[in-house]
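Chains as they are written, first to last, in the numbering used here: chain A, 1 to 687; chain B, 1001 to 1402.
Ideal Cβ placement from N, Cα and C applies to all residues, glycine included.
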Amino acid sequence: MAETKEKSLSDEKPKPRVRPIVRLGIFLISHSFHVSVVCCTAGVLALFLLPVLAKNTYISENALMPGSASPMLSNQHVSDGNRLVKDLTNPNSKSSETGIESHKIIAQYMLDLGAEVSFHKFHPQMNQFHPLHFFSSPDSGKIQENYSCSSYGINTVGIIRAPRGDGKEAIVLVTPYNALKSGFGEALSLGIAYSVFSLLTQVTWLAKDIIWLVADSQYGEYAAVAAWLREYQTPKFSSLSAPNAEMCPDVNNLFELKGHSISGSKFSNSFRRAGTMAAALVLKVRDQNEQFEDTISIYAEASNGQMPNLDLINVVNYLAVHRQGLRVNVEKLWSLLNSSWLKSLGEIFESLAKVAKSLYPKWKFGIPATEYVEGTATLASSLYYQALGVPTGPHGAFRDYQVDAITLEISPKFSLDKVWRNDILLRGGRLIEGVIRSVNNLLEKFHQSFFLYLLTSPSKFVSVGVYMIAFALLIAPLPMVAASLYVDANSSSKRSKGDSSTPSAITDTDEHSIAIRSWSPTTSFMIWVLLSILSLLTLNSVLASPLACAKATQEKEWALVKSVTISSVFIGLGLMSVINFATAEIGALLMVPMCLLAQPLKLDVRAGTLRSFCRMICNLVLGHIAFPPAAFFLLKGMLDGFGNANVGDFWMWVESLWAWNSATYLFIGMVQLPCWVLCISILFHTC
Amino acid sequence: METFINPKSLFHLLLLPCLLLYSSIAYNSSPVEAAMHTNNWAVLVCTSRFWFNYRHMANTLSLYRTVKRLGIPDERIILMLADDMACNTRNKYPAQVFNNENHRLNLYGDNVEVDYRGYEVTVENFLRVLTGRHETAVPRSKRLLSDEGSHILLYMTGHGGDEFLKFQDSEELQSHDLADAVKQMKEKHRFKELLIMVDTCQAATLFNQLQSPGVLAIGSSMKGENSYSHHLDSDVGVSVVDRFTYYTLAFFERLNIYDNASLSSLFSSYNPSLLMSTAYYRKDLYKRRLEEVPVTNFFGSVMETIHTDAAYKALSRRNSGRFEDEMSLDQSVHHIERRMLIKVNDGYEIHDINPEGEEGASKCPWSTFRNKFQKAENVDSLVNYGLVAMIPLLVISTWLVQ
Chain A
1 MAETKEKSLS
11 DEKPKPRVRP
21 IVRLGIFLIS
31 HSFHVSVVCC
41 TAGVLALFLL
51 PVLAKNTYIS
61 ENALMPGSAS
71 PMLSNQHVSD
81 GNRLVKDLTN
91 PNSKSSETGI
101 ESHKIIAQYM
111 LDLGAEVSFH
121 KFHPQMNQFH
131 PLHFFSSPDS
141 GKIQENYSCS
151 SYGINTVGII
161 RAPRGDGKEA
171 IVLVTPYNAL
181 KSGFGEALSL
191 GIAYSVFSLL
201 TQVTWLAKDI
211 IWLVADSQYG
221 EYAAVAAWLR
231 EYQTPKFSSL
241 SAPNAEMCPD
251 VNNLFELKGH
261 SISGSKFSNS
271 FRRAGTMAAA
281 LVLKVRDQNE
291 QFEDTISIYA
301 EASNGQMPNL
311 DLINVVNYLA
321 VHRQGLRVNV
331 EKLWSLLNSS
341 WLKSLGEIFE
351 SLAKVAKSLY
361 PKWKFGIPAT
371 EYVEGTATLA
381 SSLYYQALGV
391 PTGPHGAFRD
401 YQVDAITLEI
411 SPKFSLDKVW
421 RNDILLRGGR
431 LIEGVIRSVN
441 NLLEKFHQSF
451 FLYLLTSPSK
461 FVSVGVYMIA
471 FALLIAPLPM
481 VAASLYVDAN
491 SSSKRSKGDS
501 STPSAITDTD
511 EHSIAIRSWS
521 PTTSFMIWVL
531 LSILSLLTLN
541 SVLASPLACA
551 KATQEKEWAL
561 VKSVTISSVF
571 IGLGLMSVIN
581 FATAEIGALL
591 MVPMCLLAQP
601 LKLDVRAGTL
611 RSFCRMICNL
621 VLGHIAFPPA
631 AFFLLKGMLD
641 GFGNANVGDF
651 WMWVESLWAW
661 NSATYLFIGM
671 VQLPCWVLCI
681 SILFHTC
Chain B
1001 METFINPKSL
1011 FHLLLLPCLL
1021 LYSSIAYNSS
1031 PVEAAMHTNN
1041 WAVLVCTSRF
1051 WFNYRHMANT
1061 LSLYRTVKRL
1071 GIPDERIILM
1081 LADDMACNTR
1091 NKYPAQVFNN
1101 ENHRLNLYGD
1111 NVEVDYRGYE
1121 VTVENFLRVL
1131 TGRHETAVPR
1141 SKRLLSDEGS
1151 HILLYMTGHG
1161 GDEFLKFQDS
1171 EELQSHDLAD
1181 AVKQMKEKHR
1191 FKELLIMVDT
1201 CQAATLFNQL
1211 QSPGVLAIGS
1221 SMKGENSYSH
1231 HLDSDVGVSV
1241 VDRFTYYTLA
1251 FFERLNIYDN
1261 ASLSSLFSSY
1271 NPSLLMSTAY
1281 YRKDLYKRRL
1291 EEVPVTNFFG
1301 SVMETIHTDA
1311 AYKALSRRNS
1321 GRFEDEMSLD
1331 QSVHHIERRM
1341 LIKVNDGYEI
1351 HDINPEGEEG
1361 ASKCPWSTFR
1371 NKFQKAENVD
1381 SLVNYGLVAM
1391 IPLLVISTWL
1401 VQ
């Protein structure tokens, strides 16, 4: 009885009620084509809207109080700095082969101020590829066996202890300096740093120690700073690492000299430390400049698109603009500034904003077209340098230890006038002093403001909450399309086992296996292409051909392959967006349209309609663009002109990615290339 | 011997002066809640830490200096400073605190007694000080030992919001807490009158929950308003004083201990355009008219003194109608105004002696009578008069009994 009742009950309910979210999912999947068109368009549009949506920067941390104290740097300190510049540019100091003389001069100057001075000698480390060291701090460095006495660098380090501080924190000022071939700019940057340093030895308000690092940049600015930081952060306790620079007579000579000439002073042979670093400033002065006013460029991108806290940039920007009257620059893609299509896009947005404002006066989101173009150029360069994952200056070494750092490059309008030199020393010095005083006020690490942002101008930024929308819109249709393809393929041929082994999944090992040899970049690139194609074809014939022969069941094989491709692209982009957002964004721009459109060319040819013809053309174009080397050439050609483009450039580019441990390298190798190969295989599918 | 005079009426007639005498004495003898104002206390609290809140400490120290200058002794000031700006490493002038960029006045001089400093300044300790519920080990110097005759000034500054005041960047005092503490104080007869002065954003909201009588509250800003700093000292690199406190101090700098400026003149001295906020005062719990209360009743230690002939006469409180004003009788506008108002109001605490003595006579025989007694030389003569009046009463009553 009961059973029959139950049966009748279940009969009465023909369909179990589907929950709304499932219904929504089904709806989206069944309309995946429209959804993907809408989402992709919106995603690209949102990307172009970012300069309009950028907000003005503001100092988020109360404690900073930039500019609240009047600068104390006086002409006395400037003349001190001038003295150092003169001594360094004096031809006598350059007589020595190794440039030790100038290091001695600097050390002597520091000692005269009463600072603690030490030399740090280092060997430039070979770059090693650590594929998964995205955000972890570098290890103390492998002890390399074959040090030679001929190649070492000397960093000069001066430390001022805060008179009433607890010595637990420090602010670092870095001036790269190549003693062997220093330009006037480098000497000037030392002069600025010295004038600030001489002021800071006198002030009573220091709460953090000040470290002045004169980084020996003969093996690269980054290498010197990174070597010093490695030593600072990860002290070596074993004496096994001793057989290095101390063995070299020249270095010992240097120390002996110092030790004798100034006994009882604050000079020390051992490595000196101060507290944890609150912030670091790298100061450079550019040698030549053709600009009409004194400008200061801020470089902030560290490895893998990590940025320093926005507050640091804000402080520098505020002080430079509102206190010292310097113009502040951030990197721009200059070639974009003249592009007419961008200008017209900006005008469209401007007029749209005007219309919106006339409709409702409170809507004020429009920006002038010229501003839009500049914003876009800055945004594009911000995206590019973050995506590259290669630090744009020595400040990148600090970011690896979670220290906020930026490089300031002062480019003065050039003249050899002494008044001018004093002026730039004074203003540069006051800027540095202001930033140091502001950071000195800090009570905690920088944490209030953003770490994830894109700059559209020195005083405007797009925060993570806004720019993620564009990316999310771009990749949103991927899972839906994948699901709908899978469902279609399954329903049409239920018996199909769908064992579509992806023939190219293994090919990406190729580029790893190729070691960097002494071939020219062009040759290397060609060899790589040939090898890849060869291995690809071999594997394809070995693994994929038997399946391709199985006929009728594999009718929809390409759909399944596409579904797999799209899912893997989705997963890859999703993962990459966590590691380096900019890479994922650019990758999504290149790959999402290609993956969504991919369809066997044969089908399109067979159909012969206008629509399929268009799709075919699109597929071919996208298939070319999405190939990383092709995309690279295209971009480079667009920005620098096609005349300069060289086949070897791409190889060099990838090599630099490899050398800097960029996650972008992994992305290209493990997501972009395989997916491109899959898409190509779909295009040429024999169905 | 029966007379035509009704003995009872005679009795009443004779009783009348005695009653009059008695009632006039009883009139001036105060009930429990109307205790005399006998002492002054000040609780000055700076609730915020960190170097960039320098101004809050400077505010509090400025007020400390002012109340001390106006006569509240150090042992009756509880000074709570949540951080030590003077010894902060960022301070360009070690061990000195200024509230003006001219640096003329070092607020952190030799004789500053900080009772609660640094992390001792918590909501708990603050409430303990107010309510007097201390651990046994807490020394007397850290306690608010006020009684039912105390006028207390409670000054607080820091960062606040809608119905709260932040302490130490980690906890907050809510308006309920404050009201509750004040209520407890009232129950425990820890004050006679309390002036709460708060310089913080949305300070007015902090007084919303107050219920206890005798409380007067003034805040620097209304709900939704910020309190701003007055100016920045570009030498020290921080803002050194808040606007509300700055103008409060500007008011007090003109005064000395003998001045007679009233609370209403203080309250009306705040100019919203200079303050950039609206100073708000809540006086519905306060009975006296603000025009007649001198600011020195709270910010100084000026109170009426009772003159007695003998040092140990017990009657001190009885005939305290006399109030010898120690203040100078300068003919300032406030002074005259205040006296006129007292006449109308006939308040029970402050009775000025009329040097002219003409206004009182016109009122009624009752007060004439009282005036006469007030004019009487001393208590002894009063008692003598009373005894003389008793004699006929005695005689008549014995005669009636017979």
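Between the options, which has its C-alpha nearest residue i's C-alpha?
i	options	result
V561/A	L639/A, R323/A and W676/A	W676/A
L1244/B	W1041/B, N1040/B and N1099/B	The question names Leu, but residue 1244/B in the sequence shown is Phe. The candidate whose alpha carbon is nearest that of F1244/B is N1099/B.
M338/A	V22/A, N661/A, P71/A and L639/A	It should be noted that the sequence gives Asn, not Met, for residue 338/A. Selected option, being the one with the closest Cα: L639/A.
Q108/A	Q288/A, L84/A and H120/A	L84/A
A663/A	I211/A, N304/A and S268/A	N304/A
L1285/B	K1186/B, K1142/B, P1139/B and P1392/B	K1186/B
N178/A	Y385/A, G375/A and Y219/A	Y219/A
L312/A	A193/A, R286/A, K445/A and E347/A	K445/A
N580/A	W651/A, E301/A and E350/A	E301/A
F525/A	E655/A, V316/A and H624/A	E655/A
Y384/A	V466/A, H322/A, S484/A and L454/A	L454/A
V214/A	I469/A, Y152/A and V282/A	V282/A
L88/A	I105/A, H77/A and Q202/A	I105/A
G158/A	T201/A, L634/A, S217/A and P593/A	T201/A
F292/A	P412/A, R230/A and V315/A	P412/A
E1124/B	Q1096/B, S1170/B and V1401/B	S1170/B
List the whole-angstrom C-beta distance separating residue i from residue j, where the pair is believed to meet the contact cut-off of C-beta under 8 Å.
i	j	result
R1055/B	V1241/B	5 Å
L431/A	L326/A	7 Å
N62/A	F1052/B	5 Å
F1267/B	F1299/B	Incorrect: roughly 13 Å between the Cβ atoms, too far for contact.
V330/A	I296/A	That pair is no contact at about 10 Å.
For residue i, which beta-bridge partners are listed by DSSP?
i	result
N155/A	H120/A
D1412/B	Residue numbering for chain B in the displayed model covers 1001 to 1402; residue 1412/B lies beyond these limits and cannot be assessed.
R327/A	T295/A
V38/A	V38/A is not bridged to any residue.
V1043/B	I1078/B and L1154/B
I533/A	Looking at the DSSP assignment, I533/A forms no beta bridge with any residue, so it has no partner.
L455/A	F461/A
V214/A	T156/A and T175/A
N1106/B	F1098/B
I410/A	V285/A and I296/A
Q1174/B	F1164/B
Does any residue of chain D bring its CB to less than 9 Å from the CB of residue i?
i	result
R1243/B	The structure shown has no chain D; the protein chains it does contain are A and B.
Any heavy atom of the ligand GDP inside 8 Å of the beta-carbon of residue i?
i	result
L426/A	Here there are no bound small molecules, and the ligand GDP is not part of this structure.
Selection of the region 46 to 68 of chain A by Cβ proximity to chain B, strictly under 7 Å: Only those residues of the region 46 to 68 of chain A whose C-beta falls short of 7 Å from the nearest C-beta of chain B are listed: N62, A63, M65 and S68.
State whether the region 1262 to 1279 of chain B contacts the region 1146 to 1159 of chain B, with contact taken as three or more CB pairs (one from each stretch) at a distance under 8 Å. The region 1262 to 1279 of chain B vs the region 1146 to 1159 of chain B: no contact.
Evaluate the contact criterion for the region 390 to 405 of chain A versus the region 218 to 233 of chain A: three or more CB pairs, one atom per stretch, below 8 Å. Touching, per the Cβ criterion.
Three-pair Cβ contact test at 8 Å for the region 1184 to 1201 of chain B versus the region 1121 to 1135 of chain B: The region 1184 to 1201 of chain B vs the region 1121 to 1135 of chain B: in contact.
In the region 1046 to 1060 of chain B, which residues sit with their C-beta less than 8 Å from some C-beta in chain A, listed in chain order? Residues of the region 1046 to 1060 of chain B with a Cβ closer than 8 Å to any Cβ of chain A, in chain order: F1050, W1051 and F1052.
Taking only beta carbons into account, state which residues of the region 70 to 92 of chain A come closer than 8 Å to chain B, listed in chain order. Within the region 70 to 92 of chain A, the qualifying residues are S70.
In chain order, what residues of the region 1165 to 1186 of chain B put their CB closer than 8 Å to some CB of chain A? Close to chain A, meaning a Cβ-Cβ distance shorter than 8 Å, is no residue of the region 1165 to 1186 of chain B at all.
Looking at chain B, which residues of the region 157 to 182 of chain A have a Cβ within less than 7 Å of any of its Cβ atoms? Residues A162, R164 and G165.
The region 1075 to 1090 of chain B: which residues have C-beta closer than 9 Å to a C-beta of chain A, in chain order? Result list: C1087, N1088, T1089 and R1090.
Below 8 Å, how does it come out for the region 372 to 386 of chain A and the region 50 to 59 of chain A: are there three or more Cβ pairs, yes or no? The region 372 to 386 of chain A vs the region 50 to 59 of chain A: in contact.
Does the region 190 to 206 of chain A come into contact with the region 62 to 82 of chain A, if we say contact requires no fewer than three beta-carbon pairs (one atom in each stretch) closer than 8 Å? Because the criterion of three Cβ pairs below 8 Å is met, the region 190 to 206 of chain A and the region 62 to 82 of chain A touch.
Residues of the region 433 to 444 of chain A in Cβ contact with chain B at a cutoff of 8 Å, in chain order, please. Per Cβ criterion, the list reads R437, N440, N441 and L443.
The region 600 to 617 of chain A contacting the region 479 to 490 of chain A, beta-carbon criterion three pairs below 8 Å: Taking 8 Å as the limit for Cβ pairs, the verdict is that the region 479 to 490 of chain A does not touch the region 600 to 617 of chain A.
What residues in the region 1219 to 1251 of chain B bring their beta carbon closer than 8 Å to a beta carbon of chain A? Correct list: L1232, S1234, D1235, V1236, G1237, V1238 and S1239.
Could you list the residues in the region 1266 to 1291 of chain B with a C-beta less than 8 Å from some C-beta on chain A, going in chain order? Cβ contacts with chain A: none found.
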